[in-house]
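For reference, the structure is listed below as structure tokens.
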Amino acid sequence: MKTKLILTSAILAVLLTTTYLYYSARTDNKNESEVTQTDQTIDYSPATDEDQEQADRLKQELIENSDSESNTDEKTNQTTNEPSEAKDDINVVLTFIEDRGNKIVASAFAQTTKNGQCILEISNASQTSQYTADPIFNVNKYDCRFDFEQPQISNGIYSAEITYKTNTSESRSNSLEFEVQ
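Written out as structure tokens, the structure reads:
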């Protein structure tokens, strides 16, 4: 009889605890959704002169610093997707390079409006190798992708540097180190 009473008490305690946890979780979820709904306030007050001046200044900076301008054919008045040749600033970045078994894979981009050529230079203490790739124009930058077989390079730690070269200028990136195994 005593064990029956203890067993019944334990089952009742488990049921009560489970019920309590279930309903408290439901009310917590309701409270969270209410909070997120009431916390969403939008300020509809009119912009001040200072806000308008800042917006105009940012808009002007965007226009001046625009790397990609659309070219318009004056005869047909149609806009082409080719980059303009107005600026000669080049910012080139080697985003990654790694050894993938029997291949070396590298990616870089040159932030410029001028078409050119990507040159990847891989070197260590004993050897230097150069690889070229034709860039692909993508919005306001040129993407360069390298994918070549590894046997040209022996095992070791290397330094990689990308150069973007046009007819009139050249830009080099910072070096990245990687290991060939």
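With my numbering applied, the sequence shown corresponds to residues -9 to 171, in that order.
For glycine and all other residues, C-beta sits at the position ideal for the given N, C-alpha and C.
N-terminal and C-terminal residue of the beta strand (DSSP E) that residue i is part of
i, result
"glycine 146", "146 to 155"
"isoleucine 96", "Just to set this straight, residue 96 is alanine in the shown sequence, not isoleucine. From DSSP, the beta strand (DSSP E) with alanine 96 extends over 93 to 101."
"aspartate 89", "81 to 90"
"aspartate 133", "131 to 139"
"asparagine 128", "126 to 128"
Cut-off 6 Å between Cβ atoms - residues of its own chain near residue i, not counting five sequence neighbours on either side
i, result
"isoleucine 87", "Ala96, Ala150, Leu166, Phe168"
"cysteine 134", "Ala98, Cys108, Ala123, Pro125"
"valine 4", "none"
"isoleucine 1", "none"
Spatial neighbours of residue i in its chain, beta-carbon cut-off 8 Å, leaving aside the 5 residues before and after
i, result
"serine 119", "Glu111, Ile112, Ser113, Gln142, Ile143"
As assigned by DSSP and simplified to three states, the class of residue i
i, result
"aspartate 57", "Residue placement at aspartate 57 is poorly supported in this model, since its pLDDT is 46, which falls under 50; the coordinates still yield a value, given next. Reduced to three states, the DSSP call for aspartate 57 is coil."
"alanine 115", "coil"
"threonine 158", "coil"
"isoleucine -4", "helix"
"valine 4", "helix"
"threonine 31", "The predicted model places threonine 31 with a pLDDT of 49, which falls under 50 and marks its position as unreliable; any figure quoted below should be read in that light. Reduced to three states, the DSSP call for threonine 31 is coil."
"lysine 65", "With a pLDDT of only 48 at lysine 65, under 50, the local geometry of the prediction cannot be trusted, and the value read off the model is given with reservation. Of the three classes helix, strand and coil, the one that applies to lysine 65 here is coil, per DSSP."
Nearest-angstrom Cα separation, counted from residue j out to residue i
i, j, result
"cysteine 192", "serine 116", "The structure shown does not extend to residue 192, since the chain spans only -9 to 171, so no value can be given for it."
"asparagine 128", "threonine 85", "15 Å"
"asparagine 81", "serine 161", "7 Å"
"tyrosine 132", "asparagine 157", "15 Å"
"threonine 103", "threonine 122", "19 Å"
"proline 125", "glutamate 139", "20 Å"
"asparagine 136", "isoleucine 94", "Per the sequence shown, the amino acid found at residue 136 is phenylalanine instead of asparagine. If you take the alpha carbons of phenylalanine 136 and isoleucine 94, they lie about 8 Å apart."
"leucine 172", "methionine -9", "Beyond the ends of the chain as shown, which are -9 and 171, falls residue 172; an answer cannot be given."
"isoleucine 185", "alanine 100", "Not covered by the structure: residue 185. The range shown for the chain is -9 to 171."
"aspartate 89", "threonine 153", "20 Å"
"threonine -2", "threonine 9", "17 Å"
"threonine -7", "tyrosine 13", "30 Å"
"leucine 11", "isoleucine -4", "23 Å"
Beta carbon of residue i nearer than 8 Å to that of residue j
i, j, result
"serine 159", "valine 83", "no"
"valine 170", "asparagine 130", "no"
"glycine 106", "lysine 155", "yes"
Spatial neighbours of residue i in its chain, beta-carbon cut-off 7 Å, leaving aside the 5 residues before and after
i, result
"glutamine 27", "Because the pLDDT at glutamine 27 is just 48, under 50, the model does not fix this residue reliably, and the value given afterwards should be weighed accordingly. Closer than 7 Å at the Cβ level, and outside the excluded window around glutamine 27, lies no residue."
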